[in-house]
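Under the numbering used here, the first residue of the sequence shown is numbered 479, with each subsequent residue one higher. Everything below concerns the one structure shown next.
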Amino acid sequence: MLRLYNMNWYAISDLAILRELGSSLRQVRLNRNQSQQAVADAAGIDRATLSQVEHGRPTSLLTFVQLLRTLEQLDLLEVFLTKAEISPRL
Numbered sequence: 479m480l481r482l483y484n485m486n487w488y489a490i491s492d493l494a495i496l497r498e499l500g501s502s503l504r505q506v507r508l509n510r511n512q513s514q515q516a517v518a519d520a521a522g523i524d525r526a527t528l529s530q531v532e533h534g535r536p537t538s539l540l541t542f543v544q545l546l547r548t549l550e551q552l553d554l555l556e557v558f559l560t561k562a563e564i565s566p567r568l
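Below, the structure written as structure tokens:
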């Protein structure tokens with residue numbers, strides 16, 4: 479889903495990051511040839527909410543997860559869900 483960027487994410491604003499995420503979600507939806515209404519219905523959200531997300535407006539984490547699930551992109555969350563291995567102390 480997400481394009482690989484060679485950018486310093488810390489150098490841009492939170493709202494700019496939301497715009498990038500929204501744009502990426504929109505691109506995934508378009509690549510799947512799905513309308514906003516179809517994705518919104520499948521995710522259980524309003525079409526207007528999806529439009530806002532795609533335009534980088536703040537949304538809830540739940541809505542974002544619902545959209546990732548609908549667009550079959552949940553695997554992107556693995557980076558947050560991996561458990562750190564505990565190394566034995568010497």
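In this text, a Cβ means the ideal position worked out from N, Cα and C, and glycines have one as well.
For residue i, I'd like the list of residues in its chain whose CB is within less than 8 Å of its CB, leaving aside the five on either flank, ordered along the chain.
| i | result |
| --- | --- |
| A521 | L528, T541, Q544, L545, R547 and T548 |
| I523 | T541, Q544 and L545 |
Between which two residues does the alpha helix (DSSP H) harbouring residue i extend?
| i | result |
| --- | --- |
| R547 | L539 to T548 |
| R525 | R525 to E532 |
| A489 | Counting along the chain, A489 falls outside any alpha helix (DSSP H), and DSSP gives it neither H nor E. |
| L559 | E556 to L559 |
| D553 | Looking at the DSSP string, D553 is not in any alpha helix (DSSP H), and its letter there is neither H nor E. |
| Q514 | Q514 to A521 |
Measure the C-alpha to C-alpha separation of residue i and residue j and round it to an integer number of angstroms.
| i | j | result |
| --- | --- | --- |
| G534 | M485 | 18 Å |
| L552 | R507 | 14 Å |
| G500 | T560 | 24 Å |
| Q515 | R525 | 5 Å |
| A489 | E550 | 30 Å |
| E563 | E556 | 15 Å |
| W487 | R510 | 27 Å |
| E498 | P536 | 12 Å |
| L539 | R567 | 37 Å |
| S491 | Q530 | 18 Å |
Would a check of beta-carbon distances place residue i closer than 7 Å to chain C?
| i | result |
| --- | --- |
| A520 | No chain C is present in this structure, which holds just one protein chain. |
Excluding the 5 residues flanking residue i on each side, which residues of the same chain have their C-beta closer than 7 Å to its C-beta?
| i | result |
| --- | --- |
| L493 | G534 |
| R504 | E532 |
Enumerate in chain order the residues of its own chain whose CB-to-CB distance from residue i is below 6 Å, with the five nearest sequence positions on each side excluded.
| i | result |
| --- | --- |
| L496 | G534 |
By DSSP, does residue i sit in helix, in strand, or in coil?
| i | result |
| --- | --- |
| S535 | According to the sequence provided, residue 535 is Arg. The question's Ser does not apply to it. Three-state result, R535: coil. |
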